[in-house]
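Q: Shown below is the structure under consideration.
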Amino acid sequence: MTDQLPAPTLKREVTTLALFLFILGDVLGAGVYVLVGNVAAASGGAVWVPLLLALVLALLTAGSYAELATKYPRAGGSSHYAKRAFGPFFGFFVGFCMLAAGIVSVGALSLGFAGDYLSEFVTLPIPLTVIAFLAILAALNAYGIKQSMWANVVATVIEVGGLLLVIMLGFMVMARGDGDLARLTQLGTAENGPVLAVLAGTVLAYYSYVGFETSVNVAEEAKNPSRSYPVALFGALSVAGMVYVGVGVAASAVLPTDELAASSGPLLEVVREAGGVPPVLFSVIALIAVANGALLTGIMSSRLAYGMSRDGLLPRFLSRLLPKRRTPIMAILSTVALSIILALIGSIEVLASTLVLLLLVVFITVNIAVLKLRRDNVPHKHFRVPSALPVLGVATCALLVTQIEPETWLFGLPLLGVGLILATVAHLRANRGPKGRR
């Protein structure tokens with residue numbers, strides 16, 4: 001029997017512009033607010049170079065997502081593509097990597113919230129702040145907070161506004177003859193030459209572009225997904241990249257590399273050095289960006305854990321709901337608890353690199369899947385990425401994996417190992433299930 005595409009159940013009313021803004025809001029997040037200093041330290045000064053290279057690498061993999069999202073517009077994202085191409089084992093493993101990446105990301109963002117941006121108002125022990133911050137987010141999540149379109153637009157405007165402010169202040173500093181433009185070409189550290197330093201910085205910079213991979217779930221609602229989704233995806237990534245490169249240029253020109261690297265609120269130090277804007281105001285913007293990113297990621301992670309539990313892929317207790325609110329309370333508490341543990345034992349840099357490692361595994365799988373699924377014909381037109389791009393996507397993702405620091409592997413390998421074990425158990429249970437019922 002031929003595999004027919006089921007009729008869509010959602011209205012196709014999302015325009016290309018609305019889709020572009022949705023993806024831009026997903027990509028332009030909190031990561032750049034807290035990681036610019038780490039990128040500067042890893043690359044040797046010219047922050048904009050790894051941010052630009054990370055954009056190019058993200059666009060390669062985005063091509064594969066554009067093809068698969070328009071080919072299977074009702075699919076469930078990365079895990080579905082892996083399952084369709086390679087079977088349920090890989091589908092579960094990729095889904096687990098996405099879940100783990102979300103949990104790690106919330107931990108990293110909680111550290112960003114507890115750092116120098118918050119210190120503009122109050123100085124608290126980081127462990128206490130992390131626990132309190134994530135407890136509040138868990139309570140909001142459990143209460144059943146719904147992110148309306150207007151709330152997402154407001155949050156995106158605030159985040160983008162803060163980044164554009166940094167760019168404007170940076171160019172004002174350069175226009176009056178201050179700053180140091182020589183830092184815009186400084187690459188290399190005491191440990192690494194220019195090439196390895198740029199690659200090390202790119203691993204961290206890649207964190208700033210994550211989010212586009214989850215946008216595939218809205219492809220079905222686009223008026224003409226085969227055309228509008230690729231345009232919106234590539235356009236949003238490109239605009240985000242230009243903003244990030246502008247931020248990188250401003251940060252490098254205004255502040256010495258060691259000062260950027262020493263701060264957990266590097267853009268705050270850029271604003272402070274440039275003058276003209278109260279640092280407290282910018283801290284509010286940054287804290288809103290970080291908190292919103294952590295909340296949305298926490299909602300995604302808990303719902304993913306809940307869904308996998310309902311499907312029998314994770315322990316059943318994770319599917320328990322809060323009686324009155326009907327929210328997945330056990331999944332919320334479990335994912336938040338894991339995020340707290342990771343934040344208490346790791347650093348922002350290590351957690352961000354761990355997230356990138358997990359997503360690189362996902363992206364390698366998706367890039368291979370798009371080539372394997374070329375033989376799976378569907379009865380509608382869809383975007384088709386040139387075959388060379390997924391191949392380059394696999395190669396570049398694998399190259400970044402080789403640049404992962406040993407400390408990151410101490411976090412990443414156990415998570416990948418747990419994913420492989422659970423995928424094996426789920427696969428064996430699925431194979432034995434029908435026989436056991438006969």
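Count the sequence shown with full-length UniProt numbering and you get residues 1 to 438, in order.
Where a beta carbon is used, it is the ideal one built from N, C-alpha and C, also for glycine.
Keep in mind the model is a prediction, meaning the values are calculated, not measured.
Counting only the same chain and skipping the five closest in sequence on each side, list residues whose C-beta sits under 7 Å from that of residue 20.
A: Same-chain partners within the cutoff: 232, 235, 236.
Q: Helix or strand or just coil, what does DSSP make of residue 148?
A: Unreliable placement is indicated for residue 148, whose pLDDT of 45 sits below 50; no coordinate value is reported for it.
Q: With C-beta atoms as the reference, is residue 90 less than 7 Å away from residue 82?
A: Cβ distance < 7 Å, so residue 90 and residue 82 count as in contact.
Q: Can you give the Cα-Cα distance for residue 166 and residue 276, rounded to whole angstroms?
A: Near 11 Å, if we compare the C-alpha coordinates of residue 276 and residue 166.
Q: What's the C-alpha gap between residue 52 and residue 238?
A: For residue 52 and residue 238, the distance between alpha carbons rounds to 10 Å.
Q: With distances taken from CA atoms, which of 229, 296, 123 is nearest residue 72?
A: When only C-alpha atoms are compared, the closest one is 229.
Q: Considering only residues of the segment 105–148, which uninterrupted alpha helix (DSSP H) runs meet the minimum length of 4 residues and lie entirely inside it, listed in chain order?
A: Here the runs fully enclosed are 116–119, 126–143.
Q: Should the segment 391–403 be called in touch with the segment 326–341, which here means at least 3 C-beta pairs below 8 Å?
A: Taking 8 Å as the limit for Cβ pairs, the verdict is that the segment 326–341 does not touch the segment 391–403.
Q: Pop quiz: residue 107 and residue 289 are said to be a contact at Cβ under 8 Å. What is the actual Cβ separation, rounded to whole angstroms?
A: With a Cβ gap of about 17 Å, residue 107 and residue 289 do not count as contacting.
Q: Between the Cα of residue 260 and the Cα atoms of 299, 17, 33, which residue gives the shortest distance?
A: For the residues 299, 17, 33, the minimum Cα distance to residue 260 belongs to 33.
Q: Whose C-alpha, out of 363, 204, 140, is nearest the C-alpha of residue 94?
A: Here the closest residue by C-alpha is 363.
Q: Applying the 10 Å Cβ sphere with the 16-neighbour rule, what's the burial state of residue 50?
A: So residue 50 ends up on the buried side.
Q: Assuming residue 408 and residue 358 make a contact with CB atoms under 8 Å, what is their CB distance in whole Å?
A: Not really, about 10 Å apart at Cβ, beyond 8 Å.
Q: How about residue 120 and residue 280: do their beta carbons lie closer than 7 Å?
A: Yes, the pair counts as a contact, with Cβ atoms nearer than the cut-off.
Q: With a cut-off of 8 Å on the beta carbons, I'd call residue 22 and residue 291 a contact; round off their distance for me.
A: Going by Cβ atoms, the distance from residue 22 to residue 291 rounds to 20 Å, so no, they are not a contact pair.
Q: May I have the straight-line CA-CA distance separating residue 54 from residue 309, to the nearest angstrom?
A: About 34 Å.
Q: Do the CB positions of residue 117 and residue 286 come within less than 7 Å of each other?
A: Going by C-beta atoms, residue 117 is nearer than 7 Å to residue 286.
Q: Return the residue from the list 262, 98, 37, 16 that minimises the CA-CA distance to residue 360.
A: Nearest of 262, 98, 37, 16 to residue 360, Cα basis: 98.
Q: Using only alpha-carbon positions, find the residue among 223, 405, 348, 274 that is nearest to residue 444.
A: As shown, the chain starts at 1 and ends at 438. That puts residue 444 outside it, with no answer to give.
Q: Since residue 403 and residue 199 are thought to touch, with beta carbons under 8 Å apart, how far apart are those beta carbons, to the nearest angstrom?
A: Yes, residue 403 and residue 199 are in contact; Cβ-Cβ is about 5 Å, under 8 Å.
Q: Checking contacts by CB at 7 Å: is residue 157 closer than that to chain B?
A: This model lacks chain B altogether; it includes just one protein chain.
Q: Let me make sure I understand the geometry here. Which of 164, 423, 142, 191 has the alpha-carbon closest to that of residue 43?
A: The shortest Cα separation from residue 43 among 164, 423, 142, 191 belongs to 191.
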